[in-house]
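Trainee: Numbering (our numbering), first residue to last: 5 to 419. Note that CB positions come from ideal geometry on N, CA and C, so glycine has one too. If you scroll down you'll find the structure; I have some questions about it.
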């Protein structure tokens, strides 16, 4: 069988005690390409008298069968959305498929542009997120320049409005918040990977007609009737994928994305899951990164590595280096890697562990003893689900031209 579409378009055999490994010279060459490349930038939040310090790293993967393959990750950092000094955006977009780069760049540009011109953004960020993802997805489908039938992108984005953080996720990249608990700094996921490993997502796409099988199962090497794949940590080498009923495509290993018009017929949607948390002095930083980081590194490991480094550029380089090493310990290739680290400085609001709940799209703060993260429209196990009217995709807003007065940083591939 040829390449299957989706995350991990080509299957490479896992190594065993060095067998089938690329030589170390190739690995050393890749290592020299890991670049932090940018200074530490900052943004003030005058409404709550604190600031953000952030840096970003993006790194092309190592593909021995496609040595010239470009970095399909992209990112966007936009400060002062709607010319408001208290509103800032951070996003990572992980493209896949033949036109993955084009999809990633298109979504990077249009999503933040639509959000920036949505007059309801500050009143109802969750509803605005839903509208922006839906509209961006429709525009990508209708683009005459990009064929998204078998290509698309995942998206993990964080919108800061004052001391409220809204994280919208489509796909299997991840955002993680660091939380001080006594003498420890604990990782709290702000997103839940949308893959067939999740029972709710698996059942949802099956109800839309998807066959959920690993590559070995669809090729007849394993029993297709065994619908149990363990978890991503133990079964990541041959994950469950989505297939049409009478075909060997598209083979996506995720259940939500932007683009992938063919996969939409079997339940792959661009509707984001949005989590909401009120930042406090107990939250030293958060991380937004593509799944190339988290394939072999846990959220807690990433938080520990950031916490050990005073400079986020050093942390980014350390995380990228360790990710690459682990990729090559297990595979004959690596994924593209993009990571944004955002430090939260001088935030001194009271009520450590205050929460914010969605109430018809508006936020209300309540004081509790521990931090809670609220998800809408669909929560992973272990998190309380909060549904509101915004869980339904709403009509798109008419937009005007993008205000260029605010600071925007978008990615370019670093080879």
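Could you pull the DSSP bridge partners for residue 63 from this structure?
Mentor: 341, per the DSSP bridge assignment.
Trainee: First and last residue of the alpha helix (DSSP H) that includes residue 221?
Mentor: That run of the alpha helix (DSSP H) goes 219-222.
Trainee: So, residue 140 versus residue 160, is the Cβ gap smaller than 8 angstroms?
Mentor: Contact flag unset, no.
Trainee: I'd like to know whether the C-beta of residue 69 is nearer than 8 angstroms to at least one C-beta of chain D.
Mentor: Among the protein chains of the structure shown there is no chain D, as only one such chain exists.
Trainee: Counting Cβ pairs, one atom from each stretch, are 3 or more of them under 8 angstroms apart for the region 275-284 and the region 169-176?
Mentor: Touching, per the Cβ criterion.
Trainee: What residue ranges within the region 295-347 form continuous alpha helix (DSSP H) runs of no fewer than 4 residues, ordered along the chain?
Mentor: If we require 4 residues or more, the alpha helix (DSSP H) runs fully inside the region 295-347 come out as 295-298, 303-311 and 316-334.
Trainee: From 232, 248 and 251, pick the residue whose C-alpha is nearest to that of residue 242; which is it?
Mentor: Ranking 232, 248 and 251 by Cα distance to residue 242 puts 232 first.
Trainee: In the DSSP assignment, what residue or residues form a beta bridge with residue 206?
Mentor: None; residue 206 has no bridge partner.
Trainee: Counting only the same chain and skipping the five closest in sequence on each side, list residues whose C-beta sits under 6 angstroms from that of residue 73.
Mentor: The residues are 67.
Trainee: Relative to the ligand FAD, is the shortest distance from any of its heavy atoms to the C-beta of residue 62 smaller than 7 angstroms?
Mentor: The ligand FAD is not part of this structure, which contains no ligands at all.
Trainee: Once the 5 residues before and after residue 52 are set aside, which same chain residues still bring their CB inside 6 angstroms of it?
Mentor: Taken in chain order, the residues that qualify are 166 and 167.
Trainee: Report the rounded CA-to-CA distance for residue 158 versus residue 327, giving the unit in angstroms.
Mentor: The alpha-carbon atoms of residue 158 and residue 327 are separated by roughly 19 angstroms.
Trainee: Using 8 angstroms as the cut-off, can you tell me whether the region 253-271 makes contact with the region 284-292, which would need three or more C-beta pairs spanning the two stretches below that distance?
Mentor: No contact exists between the region 253-271 and the region 284-292.
Trainee: With a Cβ-Cβ cutoff of 8 angstroms, do residue 290 and residue 181 count as a contact?
Mentor: Cβ atoms of residue 290 and residue 181: closer than 8 angstroms.
Trainee: So the alpha helix (DSSP H) residue 145 belongs to, where does it begin and stop?
Mentor: First-last of the alpha helix (DSSP H) with residue 145: 129-146.
Trainee: Could you check the C-alpha separation between residue 45 and residue 87 for me, to the nearest Å?
Mentor: Near 18 angstroms, if we compare the C-alpha coordinates of residue 87 and residue 45.
Trainee: Thinking C-alpha only, which one of 111, 163 and 226 is nearest residue 138?
Mentor: The candidate whose alpha carbon is nearest that of residue 138 is 111.
Trainee: Would you tell me roughly how many angstroms separate the C-alpha atoms of residue 179 and residue 216, rounded to the nearest one?
Mentor: Going by the C-alpha atoms only, they are around 26 angstroms apart.
Trainee: By Cβ distance, which residues of its chain are closer than 7 angstroms to residue 54, with the 5 residues on each side in sequence left out?
Mentor: Same-chain partners within the cutoff: 348, 349, 350 and 351.
Trainee: Shortest alpha-carbon distance to residue 49 belongs to which of 71, 85, 61 and 191?
Mentor: Among 71, 85, 61 and 191, the Cα nearest to that of residue 49 belongs to 85.
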